[in-house]
Amino acid sequence: MAAPRIACIGVIGKADNPLHIELFPPYSDSMIEFSFLLNSCLDIFDIRQKQTSIDQDLGLLHAIDERLAAYGWLTTTRVKLLIIVDLFGTETAMSAGSAVSGIKEADLKPAFRALQTAYIQLLQNPFYSPDDHAPTSGSTVGSASSCQQVLNPRFIAAVKRVGEAWTPGAIL
Amino acid sequence: MSTQKASRIGEEIWKTRIDKVNAELVTLTYGTIVAQLCQDYDSNYQEVNKQLDKMGYNIGMRLIEDFLAKSGVGRCANFRETADMIAKVGFKIFLNVAPTVTNWTSDNNQFSLIFDDNPLADFVELPDDGRAQDELWFSNILCGVLRGALEMVQMQIEAHFVSDVLRGDDTTEMRVSLVRYIEDEMPPEDD
Amino acid sequence: MTVYSFYIFDRHAECIYKRRWLPRPASLKSPGGPELGQTMRTGDDDAKLVFGTVFSLRNMVRKLGGEDDNFVSYTTSQYKLHYYETPTNIKFVMLTDIKSPSMRIALQQIYINLFVEYVVKNPLSPVEHPGGLGVNNELFEESLEQFVQTRVLA
Chain E
544 MAAPRIACIG
554 VIGKADNPLH
564 IELFPPYSDS
574 MIEFSFLLNS
584 CLDIFDIRQK
594 QTSIDQDLGL
604 LHAIDERLAA
614 YGWLTTTRVK
624 LLIIVDLFGT
634 ETAMSAGSAV
644 SGIKEADLKP
654 AFRALQTAYI
664 QLLQNPFYSP
674 DDHAPTSGST
684 VGSASSCQQV
694 LNPRFIAAVK
704 RVGEAWTPGA
714 IL
Chain X
629 MSTQKASRIG
639 EEIWKTRIDK
649 VNAELVTLTY
659 GTIVAQLCQD
669 YDSNYQEVNK
679 QLDKMGYNIG
689 MRLIEDFLAK
699 SGVGRCANFR
709 ETADMIAKVG
719 FKIFLNVAPT
729 VTNWTSDNNQ
739 FSLIFDDNPL
749 ADFVELPDDG
759 RAQDELWFSN
769 ILCGVLRGAL
779 EMVQMQIEAH
789 FVSDVLRGDD
799 TTEMRVSLVR
809 YIEDEMPPED
819 D
Chain R
367 MTVYSFYIFD
377 RHAECIYKRR
387 WLPRPASLKS
397 PGGPELGQTM
407 RTGDDDAKLV
417 FGTVFSLRNM
427 VRKLGGEDDN
437 FVSYTTSQYK
447 LHYYETPTNI
457 KFVMLTDIKS
467 PSMRIALQQI
477 YINLFVEYVV
487 KNPLSPVEHP
497 GGLGVNNELF
507 EESLEQFVQT
517 RVLA
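Protein chains in written order, with the working numbering: chain E, 544 to 715; chain X, 629 to 819; chain R, 367 to 520.
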């Protein structure tokens, strides 16, 4: 049975600064490729924001190929949550023929909700200072080097948990 | 007065006479104060502990009046009764927790409060600088509150935390020792 | 019922609030009539006298009746003194005419509803009131005035 799995989760700050990117097997070593994919998704966020007043749940942003699809979620504070789903799943990585045709957008809602909860918990820690992670005003927007990624172990663990536990219809 | 009776009083006051406030607001307010102190004192955690204790002391001196006004309880007969009053009425009505009173010394002058639940520390993770875990007592304000409050009812005490789940300990424990009962002050002599 | 005067003493034996209403009982009137300047000094002396009295009386009562005992009021031929003390050693004293009913509950209410609410809970007012400055709090004073007025009319 081919179950879609999460390949990558990206938590991106207000200024398009990456706060945390988590990769899941078998993509754990493909940081550059996924950074590129996430970056291109941010452009879609921008376009969608300009077009209409949008809901938090942006649904499918971009079907990258027959295997990977990017879904997005935008909080009111403009923090972007991105999930890239591997439609083939891990077990069936070799047998492309049995891949499911797709997943419902609603399937990802629990994953986004769980990520948002993790992000809120991160913010509730008084020793976490959001400003430390925002790019300084002088630097170019989106340049990853100018700002720190989130190192909080509880947050990282929560993101990992979402990525590993999610399957369509799973309760997180 | 028995522990059970103190618990009942605390429960009753909590239900009927206490204005409730959003817990996140309290937690975030307190957390922000501690974080700001850590920043202002350049992560000198001994100093932060001291400042928190001082702030607590000032709060305690006022809070005791509110406590007495709301509870209407009189003077405790002994320090054991005081401990129950603190744990089951005081903490109950102000923080809606009821720490366990335990580890009495044989002279009945020292006890521990074990906190199963500490609303001040919800969401908190101590800074990961290798020192906060050993030096900062995040909830140290509580020690000051007890010190201030008990001083107003003629008890000089010493209170400090000995463990905190935030540091990775199994429990959060505060040690309270009675130093002495304070005598009534006399008016200054007329010249 | 007539209220003559009202005092609050803190745990340092200091008079932190006093208020007098006329007419005062004859026994506390200064000899020589109400001259200017004289009245102020007499007021201070009154407070000291009142404190000395209640302090000694309270200690005596405790010696005779046990640690938890306390006196409620005493009456002379001229006035009645009502007394309430909190566990934090704040002493509330009110002098009324001799026909007045017990004011113990009233004093307790002043503590709970006025003193704690307006003075203690005002974060900008100092916790202690040293140096004779005393409670300087409009809300408290107005409410006290009102409270006493309703008692007098009752």
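No residue lacks a Cβ here, since even glycine has one placed at the ideal position from N, Cα and C.
Whose C-beta lies closer than 7 Å to the C-beta of residue 737 of chain X among residues of the same chain, with five residues either side of it excluded? To locate residue 737 of chain X, count along the second sequence from 1; it is residue 109. Result list for residue 737 of chain X: 707, 805 and 806, in chain order.
Within the segment 694-770 of chain X, note down every full beta strand (DSSP E) run reaching 3 residues or more, in order along the chain. Inside the segment 694-770 of chain X, DSSP marks whole beta strand (DSSP E) runs of 3 or more residues at positions 728-730 and 738-743, from first to last along the chain.
Assigned secondary structure, residue 521 of chain R (DSSP; H/G/I helix, E/B strand, else coil): Shown here, chain R extends from 367 to 520; a query on residue 521 of chain R therefore has no answer.
Look at residue 725 of chain X and residue 745 of chain X and say whether their C-beta atoms are less than 8 Å apart. Walking along the second sequence from the start, residue 725 of chain X turns up at place 97. Walking along the second sequence from the start, residue 745 of chain X turns up at place 117. Yes, they are a contact pair.
Which stretch, first to last residue, makes up the beta strand (DSSP E) that contains residue 790 of chain X? Here residue 790 of chain X refers to the residue found at position 162 of the second sequence. 783-791 is the span of the beta strand (DSSP E), which, as asked, contains residue 790 of chain X.
Leaving out five residues before and five after residue 463 of chain R in sequence, what residues of the same chain have Cβ atoms less than 6 Å from its Cβ? For the purposes of this step, residue 463 of chain R is taken as residue 97 along the third sequence, with counting starting at 1. Cβ neighbours of residue 463 of chain R beyond the five flanking positions: 368.
Any beta carbon from chain R within less than 8 Å of residue 696 of chain X's own beta carbon? Indexing the second sequence from 1 puts residue 696 of chain X at position 68. Chain R contact via Cβ: present.
Quick one: Cα of residue 407 of chain R to Cα of residue 385 of chain R, how far? Translated into positions along the third sequence, residue 407 of chain R becomes position 41. Translated into positions along the third sequence, residue 385 of chain R becomes position 19. Reliability of the predicted coordinates at residue 407 of chain R is poor, the pLDDT of 49 falling under 50, and no value is obtained from them.
Report the neighbours of residue 693 of chain X on chain R: residues whose CB is nearer than 7 Å to its CB, in chain order. Residue 693 of chain X sits at position 65 when you count from the first residue of the second sequence. Taking a Cβ-Cβ threshold of 7 Å, the residues of chain R close to residue 693 of chain X are 454, 482 and 486, in chain order.
I think residue 553 of chain E touches residue 625 of chain E, with their Cβ atoms under 8 Å apart; what is that distance to the nearest whole Å? Here residue 553 of chain E is taken as the residue at index 10 of the first sequence, counted from 1. Here residue 625 of chain E is taken as the residue at index 82 of the first sequence, counted from 1. The Cβ separation is near 4 Å, so the contact holds.
For a contact meaning CB atoms closer than 8 Å, what does residue 663 of chain X contact in chain E? In the second sequence, residue 663 of chain X corresponds to position 35, counting from 1. Near residue 663 of chain X (Cβ distances below 8 Å), the residues of chain E are 669, 670 and 672.
Unbroken alpha helix (DSSP H) run spanning residue 643 of chain X, endpoints: Your numbering for residue 643 of chain X matches position 15 in the second sequence. Start and end: 631-644.
Nearest-angstrom Cα separation, counted from residue 710 of chain X out to residue 768 of chain X: The sequence position of residue 768 of chain X within the second sequence is 140, counting from 1. The sequence position of residue 710 of chain X within the second sequence is 82, counting from 1. Approximately 20 Å, taken between the alpha carbons.
For residue 444 of chain R and residue 377 of chain R, I'd like the C-alpha separation in whole angstroms. What you label residue 444 of chain R is simply residue 78 of the third sequence in a count that begins at 1. What you label residue 377 of chain R is simply residue 11 of the third sequence in a count that begins at 1. Taken atom to atom, the span from the alpha-carbon of residue 444 of chain R to that of residue 377 of chain R is near 29 Å.
Say whether chain E places a C-beta atom closer than 8 Å to the C-beta of residue 743 of chain X. Start at 1 with the first residue of the second sequence, and residue 743 of chain X comes out as number 115. By this cut-off, residue 743 of chain X is not an interface position.
Contact under 8 Å by Cβ, residue 784 of chain X with residue 742 of chain X: The residue you call residue 784 of chain X lines up with position 156 of the second sequence. The residue you call residue 742 of chain X lines up with position 114 of the second sequence. No.
Just the C-alpha distance for residue 751 of chain X and residue 629 of chain X, rounded to the nearest angstrom, thanks. Working through the second sequence from its first residue, we reach residue 751 of chain X at position 123. Working through the second sequence from its first residue, we reach residue 629 of chain X at position 1. Each residue's Cα considered, the two are about 36 Å apart.
Short check: CB of residue 581 of chain X to CB of residue 638 of chain X, under 8 Å? Past the edges of chain X, shown from 629 to 819, lies residue 581 of chain X, and the structure says nothing about it.
Continuous alpha helix (DSSP H) stretch holding residue 655 of chain X: start and end: Here residue 655 of chain X refers to the residue found at position 27 of the second sequence. For residue 655 of chain X, the enclosing alpha helix (DSSP H) covers residues 651-668.
If you count every other CB in all the chains shown that lies within 10 Å of the CB of residue 579 of chain E, and 16 or more means buried, which is it? Here residue 579 of chain E refers to the residue found at position 36 of the first sequence. Residue 579 of chain E comes out exposed.
Cut-off 6 Å between Cβ atoms - residues of its own chain near residue 692 of chain X, not counting five sequence neighbours on either side: Residue 692 of chain X sits at position 64 when you count from the first residue of the second sequence. These residues qualify, in order along the chain: 777 and 780.
State yes or no: is the beta carbon of residue 448 of chain R nearer than 8 Å to at least one beta carbon in chain X? The count along the third sequence starts at 1 and reaches residue 448 of chain R at position 82. Closer than 8 Å: no.
Please state the DSSP three-state secondary structure of residue 658 of chain E. Translated into the one-based positions of the first sequence, residue 658 of chain E becomes position 115. Helix at residue 658 of chain E.
If the criterion is Cβ atoms closer than 8 Å, does the pair residue 567 of chain E and residue 546 of chain E meet it? As a first step, residue 567 of chain E is located in the first sequence; it is residue number 24 there, counting from the start. As a first step, residue 546 of chain E is located in the first sequence; it is residue number 3 there, counting from the start. Contact flag unset, no.
With a cut-off of 8 Å, do at least 3 Cβ pairs link the segment 692-708 of chain E to the segment 655-665 of chain E? yes
Which residue from R:457, R:430 and R:388 puts its Cα closest to that of residue 414 of chain R? Numbered from 1 along the third sequence, position 48 holds the residue referred to as residue 414 of chain R. Checking every option, the nearest Cα to that of residue 414 of chain R belongs to R:457.
Between the segment 792-801 of chain X and the segment 759-768 of chain X, do at least 3 Cβ pairs fall closer than 8 Å? yes
Suppose you measure from the CA of residue 438 of chain R to the CA of residue 454 of chain R; what does that come to, to the nearest Å? Walking along the third sequence from the start, residue 438 of chain R turns up at place 72. Walking along the third sequence from the start, residue 454 of chain R turns up at place 88. Straight-line Cα distance between these residues: approximately 17 Å.
For residue 477 of chain R, which residues of its own chain have a beta-carbon under 8 Å away from its beta-carbon, when the five flanking residues on both sides are left out? Walking along the third sequence from the start, residue 477 of chain R turns up at place 111. For residue 477 of chain R, where only same-chain residues beyond five positions count, the Cβ hits under 8 Å are 450, 452, 456 and 458.
Determine the DSSP secondary structure at residue 503 of chain E, reduced to helix, strand or coil. Outside the modelled stretch of chain E, which goes from 544 to 715, sits residue 503 of chain E, for which no answer is possible.
Residue 459 of chain R by DSSP, collapsed to three states: which one? Your numbering for residue 459 of chain R matches position 93 in the third sequence. In this structure, residue 459 of chain R counts as strand in the three-state DSSP scheme.
By the criterion of Cβ-Cβ separation under 7 Å, what are the contact partners of residue 697 of chain E in chain X? Sequence index remark: in the first sequence, residue 697 of chain E carries index 154 (1-based). The answer, in chain order, is 753.
Interface residues of chain R around residue 702 of chain X at Cβ under 8 Å? Position 74 of the second sequence, counted from the start, is the residue given in the question as residue 702 of chain X. Annotation: Cβ neighbours of residue 702 of chain X in chain R (cutoff 8 Å, chain order): 434 and 453.
For residue 557 of chain E, which residues in the same chain have their Cβ closer than 8 Å to its Cβ, ignoring the five residues on either side in sequence? Working through the first sequence from its first residue, we reach residue 557 of chain E at position 14. Shown here for residue 557 of chain E: same chain residues with a beta carbon closer than 8 Å to its own, the five before and five after excluded, namely 620, 621, 622 and 677 in chain order.
Among X:774, X:815 and X:749, the one whose alpha carbon lies nearest that of residue 661 of chain X: On the second sequence, residue 661 of chain X is found 33 positions in, with the first residue counted as 1. For the residues X:774, X:815 and X:749, the minimum Cα distance to residue 661 of chain X belongs to X:749.
First through last residue of the beta strand (DSSP E) which encompasses residue 583 of chain E: Residue mapping note: residue 583 of chain E aligns to position 40 of the first sequence, counting from 1. Segment 574-594 is the alpha helix (DSSP H) holding residue 583 of chain E; no beta strand (DSSP E) there.
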